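Below you'll find the structure, written out as structure tokens, and then a few comments.
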Amino acid sequence: FLWEVVLTFFLMFVIMAVATDTRAVGEAAAIAVGGTVGLDALFGGPVTGASMNPARSLAPAIVSGELHALWLYLVAPPLGAALAALTYRFLRA
12 FLWEVVLTFF LMFVIMAVAT DTRAVGEAAA IAVGGTVGLD ALFGGPVTGA
62 SMNPARSLAP AIVSGELHAL WLYLVAPPLG AALAALTYRF LRA
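Just so we're aligned, residue 12 is where the sequence shown starts under our numbering, counting upward by one.
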């Protein structure tokens, strides 16, 4: 659970930083977001699958019938995103 929260936290924090900072150039923003997704997948993939997106986990879980851990992928990413938003807002204030 904590892995998914942290992975999504980092992804959303980077997205908010490059989306709201006027110094971030489009190409650099894409590299930052893509790099974050890549690092999340590299480090979190072997542990939890690095979902970072509830929609990405929902369909495979339903089709495979593996619903016992679905709650983790439906709760952790929104929690991580909310924590990232709060942290970013606090740091930018």
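The beta-carbon is built from N, C-alpha and C at its ideal position, and this holds for glycine as well. All values derive from a computational prediction rather than experimental measurement.
Return the CA-CA distance between residue i and residue j, expressed in angstroms with no decimal places.
| i | j | result |
| --- | --- | --- |
| A96 | L78 | 29 Å |
| Y84 | A35 | 30 Å |
| V17 | A70 | 23 Å |
| T33 | F21 | 20 Å |
Using the beta-carbon count (16 or more within 10 Å), is residue i buried or exposed?
| i | result |
| --- | --- |
| A92 | buried |
| P88 | buried |
Indicate the three-state DSSP secondary structure (helix, strand or coil) for residue i in the structure shown.
| i | result |
| --- | --- |
| R100 | helix |
| T33 | coil |
| A40 | helix |
| F20 | helix |
The ligand PLP and residue i: does any heavy atom of the ligand fall closer than 8 Å to the residue's C-beta?
| i | result |
| --- | --- |
| P65 | The model on display carries no ligand, and the ligand PLP is accordingly not part of it. |
Examine the Cβ distances between the region 38-51 and the region 79-86 and report whether three or more of them are shorter than 8 Å. no
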